[in-house]
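Numbered as in full-length UniProt numbering, the sequence shown ends at 140 without a single skipped number. For each residue, glycine too, the CB sits at the ideal point set by N, CA and C.
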Amino acid sequence: MADLAGARGRLVDHVDHVAIAVHDADKAMTFYTERLGLTLIGDEEAEEPGVRLAYLDGGNVMIQLVQPLREGPVARFMREHGEGLHHVCFNVPRIEEVLAALPGEADARIFMGGRGRRACFLLQEPNGVRVELTEKDPIR
Numbered sequence: 001m002a003d004l005a006g007a008r009g010r011l012v013d014h015v016d017h018v019a020i021a022v023h024d025a026d027k028a029m030t031f032y033t034e035r036l037g038l039t040l041i042g043d044e045e046a047e048e049p050g051v052r053l054a055y056l057d058g059g060n061v062m063i064q065l066v067q068p069l070r071e072g073p074v075a076r077f078m079r080e081h082g083e084g085l086h087h088v089c090f091n092v093p094r095i096e097e098v099l100a101a102l103p104g105e106a107d108a109r110i111f112m113g114g115r116g117r118r119a120c121f122l123l124q125e126p127n128g129v130r131v132e133l134t135e136k137d138p139i140r
């Protein structure tokens, strides 16, 4: 395994997306597409976390709108924090290698995220911001 941590190397390839928790994805999409001119590039339901995911082309970074469809982590987050920034997601080559390089993250749960790609949320939330990792290539 390559030396990945800290000054020894970079753990992530790039920011994959910034996720915004919303009560109504359609209403939020209208704002981002009609008022800001962003393009909707995807819209799907992710069964495991029970959310609708809408993807908008934000130029250098994709914007992901996350609407809870049933009780789950996003619904709980919204009860506590309301609508707004949910997480920043970084693209990585292999999640297991990154988790192994991060102290205290060995128990982070890997799941099937949006766009058919494996993902996980880090257990630690620096500065109150949730961090997600996703792999570049979708599972086929």
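Reduced DSSP secondary structure (H/G/I, E/B, other) of PRO126: Helix at PRO126.
Which residues DSSP lists as bridging residue 159, in chain order: Nothing can be reported for residue 159: it is not among the residues displayed for the chain, which extend from 1 to 140.
Report back the beta-carbon spacing between ARG118 and GLU135 to the nearest angstrom; my notes put them in contact at under 8 angstroms. Contact holds; Cβ gap of about 5 angstroms.
Quick check on ASP24: buried or exposed, where buried means 16 or more other Cβ atoms within 10 Å of its Cβ? Exposed, by the Cβ-count rule.
Okay, do the stretch 76–95 and the stretch 11–31 touch, 3+ Cβ pairs below 8 angstroms being the bar? As far as the Cβ criterion goes, the stretch 76–95 touches the stretch 11–31, which means the pair count is three or higher.
Identify which residue in ARG10, LEU36, ARG52 and GLY58 has its Cα closest to the Cα of ARG70. Just measuring C-alpha positions, the residue of ARG10, LEU36, ARG52 and GLY58 sitting nearest ARG70 is ARG52.
Using the Cα positions of MET112 and GLY50, report the straight-line distance between them to the nearest angstrom. Their Cα atoms are separated by approximately 12 angstroms.
Quick one, which of PRO103, ILE63, ARG94 and LEU85 has its alpha-carbon nearest ASN127's? The shortest C-alpha separation from ASN127 is found at LEU85.
So, with DSSP's three-state summary, where would you put LEU99? LEU99: helix per DSSP, three-state reduction.
Which residue's Cα is closest to the Cα of GLN124: ILE110, LEU102 and ALA46? Distance check between GLN124 and each of ILE110, LEU102 and ALA46 places LEU102 closest, using alpha-carbon atoms only.
Applying the criterion that 16 or more other CB atoms from any shown protein chain within 10 Å of the CB defines a buried residue, is ALA106 buried or exposed? Answer is exposed; the Cβ neighbour count stays below 16.
Given ARG109, which residues of its chain have a CB within under 7 angstroms of its CB, disregarding the five upstream and five downstream residues? The answer, listed in chain order, is CYS120.
Range of the contiguous beta strand (DSSP E) that encloses GLU45: Segment 39–46, the beta strand (DSSP E) holding GLU45.
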